Amino acid sequence: MLAFATALFGSACHHEETPAPTASTSAASTAKTAPTFTRTTADEMQLQWDLGKMPIPSDNPQSDPKIELGHELFFDKRLSADRSLSCYSCHQNEDGNGGHAPIATGANGKKLTRHSPVMWNVGYLPKLYWDGRVDSLEAQAAAALEGSTMGLGTGKLTDKAAEIAKIPGYQQAFKAAFPGEGITAKTLVQAIASYERTLVCNDTRYDQYAQGNKSALTDQEKHGLEVFTGKAYCIMCHTPPFFSLGYLGAGAFFDVGIGTEGKEEKDVDVGRMAVTQKEGDWAAFKPPSLRNVSKSAPYFHDGSRATLEAAVRFMAGGGAKNKNLTPIIADKKLTDEEVTQIVAFLGALDCQRTLEPPKKLP
Ligand code: HEC
Ligand code: HEC
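Numbering (my numbering), first residue to last: 109 to 470.
Structure (structure tokens):
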């Protein structure tokens, strides 16, 4: 047991030591019979905080002109089909950089199927989207632009690039960012991805605490951390330093029952199964990072919970029964006080930065 706790909280940058999701069932049941683990006080814990080096694709190295250009594009509504939405429209500061509506509405008023996730640390994600169907930020930006989100239509990103190429300010900016390459579908999404890779959240009060500032958390938050890592075992899936297993190794997906409640099987969003075609991935979704979570209501892939307390109660209470529910999510029988403590602790994961709009658009 001790070895397991060390694997989760021990030396930073050893992500490969984190147990794979398949090992999680036995790990979770061990925890229940190991009271010594839950007795560790927050101040004694060795906590992971180092996010490590962000992987940068070799064909799209970071550069200042590229990041600046991507910043402008991310905030530019002219990128959507009807010029009504920028990327930022659904990933705003007011919503913790996630979405405002439970389910997002794309360009031309097209209703999408899921809630907009938080943008912090997306550059570290091995697999993007709630179902992990895309594995690079470049591919994600292209999918958002050509799909219902920005509404351009399949194969139409090239036309949009040609439209953008008529704007003199962008001609200059692309020249500086991609000398000799021009304004193309490829350079457009590369610039957006480079900007997104600057959206790092590693400066929460939790991070200060993990680095030794023992007064960075209140007593209530410390108790919350103890419940989060001990009795409630949230760390199994919301693993530090990202507070999600989805950032480690090849990613991770679980069916906790969200989106299955009161629905016939045929009406359920099958999540990860649509990508892998495996029955075991039915209704499985990526555990979101909990960084900035106190600010990013509503919650879950269907935006079905309006408050953080409701989301925590759902997660701690055993999820929603269905044919594929992960056994790790058994009812942890928390007291009201313990729920309140976890909610308080999650407030210590607030990111200190916000996304600032560019000074002006070209
Ligand atoms: C209409 C609202 C909307 C707009 C506009 C929008 N997004 Fe999103 N975004 C979403 C939703 C909803 C999802 C989740 C979809 C899913 O998982 O199936 C998402 C997911 C993402 C993700 C994946 C994050 C993760 O945790 O896996 C990234 C990155 C992202 N969007 C970036 C962008 C970029 C770049 C643009 C502009 C090109 C953009 N978004 C425009 C709603 C929006
Ligand atoms: C079996 C793995 C697992 C465990 C254990 C787990 N979670 Fe989750 N959590 C998930 C998954 C998967 C989702 C996304 C579910 C969805 O939307 O379909 C999620 C979503 C959440 C969300 C919503 C975040 C957002 O941005 O929408 C919160 C809050 C949360 N979990 C907190 C907790 C807490 C607190 C605990 C401990 C009581 C916990 N979780 C235990 C897997 C887990």
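Backbone N, C-alpha and C define an ideal beta-carbon position, used for all residues, glycine too. Quick caveat: nothing in here was measured; it's all calculated off a predicted structure.
Closest in C-alpha terms to Thr148, from the list Cys195, His331, Ala382, comes His331. Where Glu202 is concerned, there is no enclosing alpha helix (DSSP H), because DSSP gives it neither an H nor an E.
Apart from the 5 residues on each side of it in sequence, Tyr278 sits with its Cβ closer than 6 Å to the Cβ of Ile272, Pro470 in its chain, given in chain order. Shown here for Arg421: same chain residues with a beta carbon closer than 7 Å to its own, the five before and five after excluded, namely Val447 in chain order. Between Ser323 and Lys174, the C-beta gap is not smaller than 7 Å, which leaves the two residues out of contact.
Phe453 has its CB no nearer than 6 Å to any heavy atom of ligand 2. Taking 8 Å as the upper bound for CB-CB distance, Met162 and Tyr237 are not in contact here, some 19 Å apart.
In this structure, DSSP gives Lys218 a state outside helix and strand, which the three-state scheme calls coil. Checking the 6 Å criterion, the Cβ of Phe182 is out of range of every heavy atom belonging to ligand 2. Taking 7 Å as the cut-off, the Cβ atoms of Gly426 and Ala438 count as close.
In terms of side-chain proximity, the C-beta atom of Tyr314 is found no nearer than 6 Å to any non-hydrogen atom of ligand 2.
With a threshold of 6 Å, the Cβ atom of Pro225 counts as near ligand 1, since some heavy atom of the ligand is closer than that. Burial check for Asn216: the Cβ neighbour count within 10 Å stays below 16, so the residue is exposed.
Around the CB of Lys394, 16 or more other CB atoms lie within 10 Å, so the residue is classed as buried. Membership of Ile300 in the alpha helix (DSSP H) is indicated by the continuous run 293-304. Cβ contact annotation for Ser224 (same chain, cutoff 7 Å, sequence separation greater than five): Cys198, His199, Gly206, Gly207, Ala212, in chain order.
For Lys322, there is no enclosing alpha helix (DSSP H), as DSSP marks it with neither H nor E. The beta-bridge partner set that DSSP reports for Phe362 consists of Phe393. Separation of Gln316 and Trp228 (C-alpha to C-alpha, rounded to the nearest whole angstrom) is 18 Å. In the structure shown, Thr213 adopts extended strand secondary structure according to DSSP, grouped into three states. The C-beta distance from Ile300 to Leu181 rounds to 5 Å, short enough to meet the 8 Å contact threshold. Distance from the CA of Lys283 to the CA of Leu187, rounded to the nearest whole angstrom, comes to 19 Å. Residue nearest to Ala189 within the set Asn168, Val242, Ala269, Ala247 is Ala269 (criterion: CA-CA distance). For Glu464, the closest alpha carbon among the candidates Met153, Asp184, Leu155 is that of Asp184.
Put simply, of Ala428, Ala424, Val401 the residue whose alpha carbon is nearest the alpha carbon of Thr415 is Val401. Separation of Cys342 and Pro466 (C-alpha to C-alpha, rounded to the nearest whole angstrom) is 37 Å.
In terms of Cα proximity to Ile366, the closest of Leu159, Val378, Ala358 is Val378.
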